[in-house]
Amino acid sequence: MVELIRALGVFCEPPADEHKRLAEILGFSKSPCADAYQEIFCNDLPPFASVYLSNEGVMGGEALERISGFWQALQREVPHEPDHLSRLLGLAALLEEKQISAGEPARALLIQRSRAALFWEHLLPWIPTYLDRAESIAKDTVYGEWARLLSEALLSDFECLGPLENLPRHLAASSGLPDPRRRGAAQFFSSLFAPVQLGFILLAEDLNNLADEIGILPKDHDRQAILKDLLRVAPKETLGGLADMAYERSCYISNKWSSLGELCSHWERRAKESGELLQQLSQDLEQEA
């Protein structure tokens, strides 16, 4: 499992010759592609934990500080981009390696606890929803196979970590989708792009599909620009469509990742709460019409 996790971590780095060899070793049917990598990891799903764990939905902030603090607690030099998925998976592989080779039982137990903290606090709070979305948009590329295999590896590996004692700080510190009727439209709009607040990752593909259903041709490829157009032209239908997405994602994650217990329940509840609010906002507009 050590080498598998380490190898899978390499795949969310820009493609290189090494990746082609790894793809063959792992039995992938396709090879890494620079264009697919750019589309998935640079445009749609940047592989940084803080993007999915911060209330701002961007790199940095308190989420990054917590992750950097974890590296420091292990007495390791904080690397460049410490919340990058490849760094976190590499650290997970290193800790498992050290646990296996530890001579003293007490030291092995200490390392095992550090490894459990890495998974429960900084990987499992966001990686399920991330990999689900990666698998859906990358299904025709090697990165879809990568997402499936990494999901399987994590699901088979987490049971040996011990139980989750408390909801991870990243999630405990997160707030839900703010009601624009009380908090204002600007904060509501920005929160739609913060997965930890919305309860799922809203992709440009989702918005393009919604625009197609409504009968609108987006003028831009940027998520925020597309959503602004949708809300301007068809606000009721857009909010209703977003509500449907929230309900759909809450069901999906609960079906696939239910073994993660409270972590899964948290994302499921958050998505359902967002769906309820979005649906109510859509109904309010219908009544006003």
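The sequence shown begins at 3 in the numbering used here and counts up by one.
Note that beta-carbon positions come from the ideal geometry of N, C-alpha and C, so glycine has one too.
Look at His124 here: in three-state DSSP terms it is helix. Across the set Leu279, His223, Pro84, Ala149, the C-alpha of Ala149 shows the shortest separation from the C-alpha of Thr131. The beta carbons of Met3 and Asp159 sit closer together than 7 Å. In chain order, Ala110, Ile113 place their CB closer than 7 Å to the CB of Ala104, counting only its own chain and leaving out the 5 sequence neighbours on each side. Spatial neighbours of Leu6 in its own chain (CB-CB distance under 7 Å, excluding positions within 5 residues in sequence) are listed in chain order as Ala155. In this structure, Pro34 is the residue among Glu123, Leu194, Pro34 with its C-alpha nearest to the C-alpha of Thr143.
DSSP places Lys258 inside the alpha helix (DSSP H), whose first and last residues are 237 to 258. The three-state secondary structure of His268, taken from DSSP, is helix. When the beta-carbon positions are compared, Gly277 and Ala245 come within less than 7 Å of each other. Nearest C-alpha to Ala174 among Leu120, Trp269, Ile42: Trp269. Phe50 is bridged by DSSP to His86. Contact annotation: the segment 72 to 82 touches the segment 116 to 136, with at least three C-beta pairs closer than 8 Å.
The DSSP-derived three-state label of Asp159 is helix. Closest option to Ala36, judged by alpha-carbon separation, among Ile27, Gly29, Cys44: Cys44. In the structure shown, the three-state DSSP call for Glu15 is coil.
In the three-state scheme derived from DSSP, where H, G and I count as helix and E and B as strand, Gln285 is classed as helix.
For Leu157, the closest alpha carbon among the candidates Leu179, Leu96, Gly263, Asp181 is that of Gly263. Scanning Gln282, Gly217, Arg8 for the CA closest to the CA of Asp181 turns up Gln282. Judged by DSSP in its simplified three-state form, Ser31 adopts coil rather than helix or strand. By the Cβ neighbour-count rule, Glu123 is buried, with 16 or more other Cβ atoms within 10 Å of its own. Exclusion of the five residues before and after Glu288 leaves Lys238 as the residues of its chain whose Cβ lies within less than 7 Å of its Cβ. Under the three-state reduction of DSSP output, Ser70 falls in the helix class. Distance from the CA atom of Lys221 to the CA atom of Ala227, rounded to whole angstroms, is 8 Å. Listed in chain order, the non-local C-beta contacts of Leu241 below 6 Å within the same chain comprise Leu280, Leu283, Ser284, local neighbours out to five positions each way being set aside.
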